[in-house]
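Notes follow the structure.
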Amino acid sequence: MANHKYKLILNLISLSILVLLIYIYYKSEIVWLGKKNDEYFKYYIILFLFLTFNNIILFFNDRIKLNYVLTLTSIVIILYILELLVSFNKKLFLDPLNFKDKDNKVEFSPFKFFKDSENKNIFPVFSPSNFLNNKDNKNIDNLFPLGGLSKKNTVFCNESNKIEYYFSDRYGFNNDDNIWDEDIEILFIGDSFTQGVCVNRNNNIPSNISNTLDKKILNLGYGGNGPLIEYATLKEYGSSYKPKKVFWLYFEGNDLEELFDEINNPILKKYYNKNFLQNLILKQNKIDKKIINFLNHKVVTTDYNITKQNKLLEVLKLQNLRILANFNRKFLKKNKFQGIITQFEKIMFMAKDEVKKWNGELIFVYLPDYSRYANGDGEKFKKEKILNIITNLNIKTIDIDSLIFQDKSDPLNYFPNRLNNHYNKAGYKVIAEEIIKTLIN
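Going by our numbering, the residue at position 420 of the sequence shown is 408; the numbering climbs one at a time, nothing skipped.
Here it is, written out as structure tokens:
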């Protein structure tokens, strides 16, 4: 009788595992169309091993089966206790990981805005990093775009309870298009902080400087960019203009993490060859077509109508524990620091060498992350190591953390609503003022 009871329990466990495998297949292959296979692969492995082990236990005696069932039950109970603990104490467990707790509110999505809007002449801001997944980059001449859609009304972001828009230039960047016909004096390279998320174009760093000094400034920043994409952007779009000053804006919050993904992309890796170019400046029509195809595909296949998630469902899916585990995995990934820092150093050397070709000057600007001030955990960003590399390469440095934010009694005032977002207008302005000091001295 006992043997039959344990067999029934083990069969129910096996059935549950099979249901989970079907669900994971649905999420991976139907919802995400295989784009996140790498993310879901670990779940396949864990569940297959679990299923195999569970079936092996069927052939053991009742005592072993009992111990197995009790152990498994204890593990499940412990996991859900931990999930509840994290769920009701997100500030304690997730904020120190730089996790943006939205209190289950829907984050503004330019893609959702594009899908829902009746005005199809407004397009969502599109990051080159969307093409880091190889499967997304197999169409249209194996091209890796580094800009966005050209000459389009672009919905940008919303971090201060106001949706921001801009009209993109001929190569999809956040500039007035006429700048490309000027004699460029200053060039900015970077990610979303350089692009100007989430303020009006006139309030981003390059515009603050050009409005003050009346300089011809080109902004090649784009959200999601890491060092390798930024170097590629410098070569593809910046080098032909030979600006006297090139400001490389490094954001400590995620630039190295983004580099992990970039160095594995087969096209981006080719930029380590100094002679490699995609000649993107001549291929904007193909770039526009590629991005439009991606947007149409993404908009059709993605459900953006996710409202406030049921708390019970969140707990059942162990959502918060998985978030915690994912961040810890990233930190373990960051522990392979020397490998990625070597790549970073190589890229900065190549960038300096590129700018030196036309007797320009590369200037490195170190941008601090919100969590440095909100949680006091700036040590994880390895700032000293990064700045030592830049110093050893004889690249001039502007350390915004030391020069501005540390000197302020409340640096969180430079973030919208004092939340973990990009800088606000005041933040971008004081950074621009610090850069101006370098330009006029």
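By construction, the Cβ of each residue, glycine as well, lies at the ideal position given by its N, Cα and C atoms.
Where residue i falls, given that 16 or more other Cβ within 10 Å makes a residue buried
i, result
"F319", "The predicted model places F319 with a pLDDT of 48, which falls under 50 and marks its position as unreliable; any figure quoted below should be read in that light. It counts as exposed."
"N253", "buried"
"D91", "At D91, the pLDDT of 41 sits below 50, so the modelled position is not reliable; the number obtained from the coordinates is stated separately. It counts as exposed."
"N196", "buried"
"Q183", "buried"
"K286", "buried"
Closest by C-alpha distance to residue i, when choosing among the options
i, options, result
"E342", "A220, I255, Y354", "A220"
"L301", "V353, V113, S75", "S75"
"N109", "N130, S115, L137", "L137"
"S180", "I172, P194, E173, I174", "P194"
"K257", "L120, I329, D398", "L120"
"F111", "L37, K139, I328, Y68", "K139"
"I377", "Q331, K233, K368", "Q331"
"I217", "G184, T200, G135", "G135"
"E224", "I177, I33, G212", "I177"
"K150", "N188, D164, N166", "N188"
"V353", "V113, I419, L8", "I419"
DSSP-derived helix/strand/coil call for residue i
i, result
"E152", "strand"
"W168", "helix"
"L(-2)", "helix"
"D387", "strand"
"N382", "coil"
"N141", "strand"
"V234", "strand"
"K407", "Strictly speaking, residue 407 in this sequence is Leu, with Lys absent from that position. DSSP places L407 in coil when its eight states are reduced to three."
"I205", "strand"
"F132", "coil"
"F239", "strand"
"N187", "As written in the sequence, residue 187 is Val, which differs from the Asn given in the question. Coil, per DSSP."
"E147", "coil"
"P215", "helix"
"Q266", "coil"
Distance cut-off 8 Å: residue i Cβ against heavy atoms of the ligand GDP
i, result
"N188", "Questions concerning the ligand GDP fall outside what the structure shown contains, since it holds no ligand whatsoever."
Bounding residues of the beta strand (DSSP E) (the contiguous stretch that carries residue i)
i, result
"L355", "349 to 355"
"I177", "174 to 177"
"F248", "Counting along the chain, F248 falls outside any beta strand (DSSP E), though it belongs to the alpha helix (DSSP H) covering 243 to 250."
"F111", "110 to 112"
Bounding residues of the alpha helix (DSSP H) (the contiguous stretch that carries residue i)
i, result
"Y159", "Run containing Y159: none; DSSP gives neither H nor E here."
"K100", "98 to 104"
"L222", "Here L222 belongs to no alpha helix (DSSP H), and DSSP marks it neither H nor E."
7 Å CB neighbourhood of residue i in its chain, flanking five on each side removed
i, result
"S198", "I205"
"L355", "F181, L237, Y238, F239, E240, I388"
"E333", "I377"
Sequence-distant residues of the same chain with beta carbon closer than 6 Å to residue i, five excluded per side
i, result
"Y31", "I12"
Residues of its chain near residue i, where Cβ-Cβ distance is below 8 Å and the 5 sequence neighbours each way are ignored
i, result
"C186", "F144, C145, N146, E147, S148, E152, P404, N409, H410"
"P84", "Because the pLDDT of P84 is 47, which lies under 50, any placement of that residue in the model is unreliable, and the question is left without a value."
"R406", "L400"
Interface flag, residue i vs chain D, CB-CB below 9 Å
i, result
"V185", "Within the model displayed, chain D is absent; a lone protein chain is all it includes."
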